[in-house]
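Asks: Got a structure for you, questions after.
2 protein chains.
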Amino acid sequence: MKVQLDCFPCFLKQALIALRLGTNNEVLQETILKEITDYIKTADTSMPPAYTTTFIHRKIRQMLGGDPFAEIKAKYNKLALELYDKLTNITSNSGNPLLTASKLAIAGNVIDFGIFTSIDIESTINRALNNELEVDDSEEFIKSVSEINEILYLLDNAGEIVFDRILIETLIKANKRVKAVVKGSAVINDATMFDAEEAGLTGVCEVIDNGSDAVGTILQWTSKKFQDEFNEAQMIISKGQGNFETLLHSRKNIYFLFQSKCRVVSKELGLDNGAMLLMKG
Amino acid sequence: MKVQLDCFPCFLKQALIALRLGTNNEVLQETILKEITDYIKTADTSMPPAYTTTFIHRKIRQMLGGDPFAEIKAKYNKLALELYDKLTNITSNSGNPLLTASKLAIAGNVIDFGIFTSIDIESTINRALNNELEVDDSEEFIKSVSEINEILYLLDNAGEIVFDRILIETLIKANKRVKAVVKGSAVINDATMFDAEEAGLTGVCEVIDNGSDAVGTILQWTSKKFQDEFNEAQMIISKGQGNFETLLHSRKNIYFLFQSKCRVVSKELGLDNGAMLLMKG
Numbered sequence: 046m047k048v049q050l051d052c053f054p055c056f057l058k059q060a061l062i063a064l065r066l067g068t069n070n071e072v073l074q075e076t077i078l079k080e081i082t083d084y085i086k087t088a089d090t091s092m093p094p095a096y097t098t099t100f101i102h103r104k105i106r107q108m109l110g111g112d113p114f115a116e117i118k119a120k121y122n123k124l125a126l127e128l129y130d131k132l133t134n135i136t137s138n139s140g141n142p143l144l145t146a147s148k149l150a151i152a153g154n155v156i157d158f159g160i161f162t163s164i165d166i167e168s169t170i171n172r173a174l175n176n177e178l179e180v181d182d183s184e185e186f187i188k189s190v191s192e193i194n195e196i197l198y199l200l201d202n203a204g205e206i207v208f209d210r211i212l213i214e215t216l217i218k219a220n221k222r223v224k225a226v227v228k229g230s231a232v233i234n235d236a237t238m239f240d241a242e243e244a245g246l247t248g249v250c251e252v253i254d255n256g257s258d259a260v261g262t263i264l265q266w267t268s269k270k271f272q273d274e275f276n277e278a279q280m281i282i283s284k285g286q287g288n289f290e291t292l293l294h295s296r297k298n299i300y301f302l303f304q305s306k307c308r309v310v311s312k313e314l315g316l317d318n319g320a321m322l323l324m325k326g
Numbered sequence: 046m047k048v049q050l051d052c053f054p055c056f057l058k059q060a061l062i063a064l065r066l067g068t069n070n071e072v073l074q075e076t077i078l079k080e081i082t083d084y085i086k087t088a089d090t091s092m093p094p095a096y097t098t099t100f101i102h103r104k105i106r107q108m109l110g111g112d113p114f115a116e117i118k119a120k121y122n123k124l125a126l127e128l129y130d131k132l133t134n135i136t137s138n139s140g141n142p143l144l145t146a147s148k149l150a151i152a153g154n155v156i157d158f159g160i161f162t163s164i165d166i167e168s169t170i171n172r173a174l175n176n177e178l179e180v181d182d183s184e185e186f187i188k189s190v191s192e193i194n195e196i197l198y199l200l201d202n203a204g205e206i207v208f209d210r211i212l213i214e215t216l217i218k219a220n221k222r223v224k225a226v227v228k229g230s231a232v233i234n235d236a237t238m239f240d241a242e243e244a245g246l247t248g249v250c251e252v253i254d255n256g257s258d259a260v261g262t263i264l265q266w267t268s269k270k271f272q273d274e275f276n277e278a279q280m281i282i283s284k285g286q287g288n289f290e291t292l293l294h295s296r297k298n299i300y301f302l303f304q305s306k307c308r309v310v311s312k313e314l315g316l317d318n319g320a321m322l323l324m325k326g
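Chains A and B supply the protein sequences, listed in that same order.
The working numbering applies: residue 46 is where the first sequence begins, and numbers increase by one.
The working numbering applies: residue 46 is where the second sequence begins, and numbers increase by one.
This is the structure:
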């Protein structure tokens, strides 16, 4: 999925969110925001938006001298952990734990740039559990899970990974081996090894990192070790829009679980903004 | 009112609207959009947003080789003229024609970047006529009109100027001399002499131009003739947000009639977006 011109204003909008999280110094915010226009000027529109946003967020971290999302990520992990028992019960008591946990993992993908309040997440959970998914390849997904032993699970955001933990625990109960993948280092509010530890995921399954600070998964920038895992995996579960943008058509037996959160992507998919998808790649 | 960092994404968003009106060539759209990032990189944030947008829209016209808004302006003039008889009757039959015509002129300010449909404008007219203005200095405005003989009337958008024509005709009926001001040449969908002719305004009062292609009214870029008119006017009616941004605190006895259409301006004024104002400067 390539950059659209509508992404250009959005690049600056997202940068501003990061800058305001990272510093109260308005002069510094302005300086960095102006520097970032270089990446828009030179954006390669044959590539997914994730390429440009990777450069932008690297520049922001470099100029701020740190990760602007560190604090909010910790907050998201904590808030999501408060829901853990409830979500685990919903999953265990449902007729189809794998489907329920998958829907909850998609609901968890709402934890992104916005302000994550318990009201937002409650309504999103209810929407995921009580409505059809807008794209629903869940039958094929469940069949595929039943046929394999190992799953490579590409995580997305901090906080959200508590929801992923519940899906991973459900898969493990069904005797699947799961290897979860975090980013190699901080980018936006994506989960790193630190978040996986905070969310209790490292005690549940093996967690590896992809060796990259890119938005989504830009394969050529990931480590050789991750590339091997990716190519050899029996099955991949890919969380979030960034992974969808960058990995669509990348290989067989990959399932994308996410909410379509931007108008460009939603339009390309012919869906309303906020649509929930469990989509075979 | 100075540029805020929130204006930066919006500069690109507005440029994209202009580019898509001006050409179907997506490569050209991309080339121009990328060129425009230079004006964001060098934006003077001690100045109103109108400074930066003036440079941006000059560049767009130059690179497109024409005015991307020409067609839509003609359409707006035509659509607004279809409402002329109805709006004139509403004004004449009201208990306070000057207040009614002023409210209609504020309603007409909705004719901006958006798509102007008869439904939008009908609902805006009803809102203007049936609700209080969010900022209402109309008593002082009507008193001021009663005390002077001549008014300099700064017009804003094509289409909208049909609504202004009705307010100007109401002022003329009350024995005021009105001089209306259009832009010196095309910028966004602002009215030029051509639009004043299309809207039948040139047959109603003297129309002059301000010698400038700036968004709003950036006094130092206007003609000496206009500057003299501005400084010596007994009273000024200023239409639209661009004029408000650039002329607030510029002189005595100036009244701003507009809708607050962007979140930055609305927030600065402590109002909801879309608020209607008749505000003493």
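The C-beta atom is built at its ideal place from N, Cα and C for all residues, glycine as well.
Exposed or buried, what is residue 193 of chain B when buried is set at 16 or more other beta-carbons lying within 10 Å of its beta-carbon?
Replies: Its Cβ having fewer than 16 others within 10 Å, residue 193 of chain B is exposed.
Asks: In the DSSP assignment, find the unbroken beta strand (DSSP E) run with residue 196 of chain A in it and report its ends.
Replies: Segment 195 to 199, the beta strand (DSSP E) holding residue 196 of chain A.
Asks: Between the Cα of residue 50 of chain B and the Cα atoms of A:249, A:308, A:81, which residue gives the shortest distance?
Replies: When each option's Cα is compared against that of residue 50 of chain B, the closest is A:81.
Asks: State the DSSP-derived secondary structure class of residue 303 of chain A, mapped to helix, strand or coil.
Replies: It is a strand residue.
Asks: Residue 51 of chain B versus chain A: which residues are under 8 Å apart at the beta carbon?
Replies: Per Cβ cutoff of 8 Å: 61.
Asks: List, in chain order, every chain B residue whose beta-carbon is nearer than 9 Å to that of residue 148 of chain A.
Replies: Neighbours of residue 148 of chain A on chain B: none; closest Cβ ~33 Å, over 9 Å.
Asks: Tell me whether residue 240 of chain B, by its Cβ, gets closer than 8 Å to a heavy atom of the ligand HEM.
Replies: Among the components of this structure there are no ligands whatsoever, and the ligand HEM is therefore not found.
Asks: Within 10 angstroms of the Cβ of residue 235 of chain B, are there 16 or more other Cβ atoms? Answer buried if so, exposed if not.
Replies: Looking at its Cβ environment, which holds 16 or more other Cβ atoms inside 10 Å, residue 235 of chain B is buried.
Asks: At which residue ranges does the stretch 125 to 152 of chain B contain complete alpha helix (DSSP H) runs of 4 or more residues, listed in the order of the chain?
Replies: The stretch 125 to 152 of chain B contains these whole alpha helix (DSSP H) runs: 129 to 137.
Asks: How many Å lie between residue 320 of chain A and residue 310 of chain A at the Cα?
Replies: So the alpha carbons of these two residues sit roughly 10 Å apart.
Asks: Which one of A:71, A:229, A:167 has the shortest CA to CA distance from residue 267 of chain A?
Replies: Cα-wise, what sits closest to residue 267 of chain A is A:229.
Asks: Along the stretch 59 to 92 of chain B, what residues have a CB closer than 7 Å to any CB found in chain A?
Replies: So the close ones are 61, 74, 75, 78, 79, 82, 85, 86, 90.
Asks: For residue 301 of chain B and residue 283 of chain B, which I take to be in contact (beta-carbon distance under 8 Å), what is that distance rounded to the nearest angstrom?
Replies: That belief holds up - the Cβ atoms of residue 301 of chain B and residue 283 of chain B are roughly 5 Å apart, short of 8 Å.
Asks: Of the residues A:133, A:249, A:105, A:237, which one's Cα is nearest the Cα of residue 203 of chain A?
Replies: Selected option, being the one with the closest Cα: A:237.
Asks: Who are the neighbours of residue 113 of chain B on chain A, taking C-beta pairs under 8 Å?
Replies: What residue 113 of chain B touches in chain A: nothing, since even the nearest Cβ is about 15 Å away.
Asks: For residue 252 of chain B, count the other beta carbons within 10 Å of its own beta carbon; 16 or more makes it buried, fewer makes it exposed. Which is it?
Replies: Buried, because 16 or more other Cβ atoms sit within 10 Å of the Cβ of residue 252 of chain B.
Asks: Span of the beta strand (DSSP E) holding residue 282 of chain B?
Replies: From DSSP, the beta strand (DSSP E) with residue 282 of chain B extends over 281 to 284.
Asks: By DSSP's criteria, residue 323 of chain A is part of a beta bridge. Which residues make up the other side?
Replies: Residue 323 of chain A is bridged to A:181, A:302.
Asks: Would you mind telling me which residues of chain A sit closer than 7 Å to residue 57 of chain B, beta carbon to beta carbon, in chain order?
Replies: Those within 7 Å of residue 57 of chain B in chain A are 53, 54, 57.
Asks: Identify every residue that forms a DSSP beta bridge with residue 224 of chain B.
Replies: The partner list for residue 224 of chain B (beta bridge, DSSP) reads B:197, B:251.
Asks: Could you compute how far the alpha carbon of residue 165 of chain A sits from the alpha carbon of residue 86 of chain A?
Replies: The straight-line gap from Cα to Cα measures roughly 36 Å.
Asks: Relative to the C-alpha of residue 323 of chain B, which candidate in B:97, B:297, B:177, B:53 has its C-alpha closest?
Replies: Closest by alpha carbon: B:177.
Asks: Would you say residue 61 of chain B and residue 74 of chain B are within 9 Å of each other, going by their C-beta atoms?
Replies: Going by C-beta atoms, residue 61 of chain B is nearer than 9 Å to residue 74 of chain B.
Asks: Is there at least one Cβ from chain C nearer than 9 Å to residue 194 of chain B's Cβ?
Replies: Included in the structure are the protein chains A and B, with no chain C among them.
Asks: Quick check: the stretch 114 to 132 of chain B against the stretch 87 to 95 of chain A, are there 3 or more CB pairs under 8 Å?
Replies: Contact between the stretch 114 to 132 of chain B and the stretch 87 to 95 of chain A is absent, because fewer than three Cβ pairs lie under 8 Å.
Asks: Less than 9 Å between the beta carbons of residue 201 of chain A and residue 326 of chain A, yes or no?
Replies: Not a contact, by the Cβ cut-off of 9 Å.
Asks: Can you name, in chain order, every residue of its own chain whose Cβ lies under 7 Å from the Cβ of residue 210 of chain B, other than the five neighbours on each side?
Replies: Closer than 7 Å at Cβ, skipping near neighbours: 244, 245, 246, 249.
Asks: Helix, strand or coil, according to DSSP, for residue 202 of chain B in the structure here?
Replies: Of the three classes helix, strand and coil, the one that applies to residue 202 of chain B here is strand, per DSSP.
Asks: Look up residue 235 of chain B in the DSSP assignment and give the residues it is bridged to.
Replies: DSSP lists B:202 as partners of residue 235 of chain B.
Asks: Going by the CB atoms, is the gap between residue 125 of chain A and residue 151 of chain A shorter than 9 Å?
Replies: Cβ atoms of residue 151 of chain A and residue 125 of chain A: not closer than 9 Å.
Asks: If you scan the stretch 62 to 120 of chain B from start to end, which runs of the alpha helix (DSSP H) of 4 or more residues do you find wholly inside it?
Replies: Counting whole runs of 4 or more residues, the stretch 62 to 120 of chain B contains the alpha helix (DSSP H) stretches 71 to 86, 94 to 109.
Asks: Alpha carbon to alpha carbon, how far is residue 64 of chain A from residue 65 of chain B?
Replies: Roughly 30 Å separates the two Cα atoms.
Asks: First and last residue of the alpha helix (DSSP H) that includes residue 296 of chain A?
Replies: Taken as a continuous stretch (DSSP letters only), residue 296 of chain A belongs to no alpha helix (DSSP H), as it is neither H nor E.
Asks: Helix or strand or just coil, what does DSSP make of residue 189 of chain A?
Replies: Correct three-state label for residue 189 of chain A: helix.
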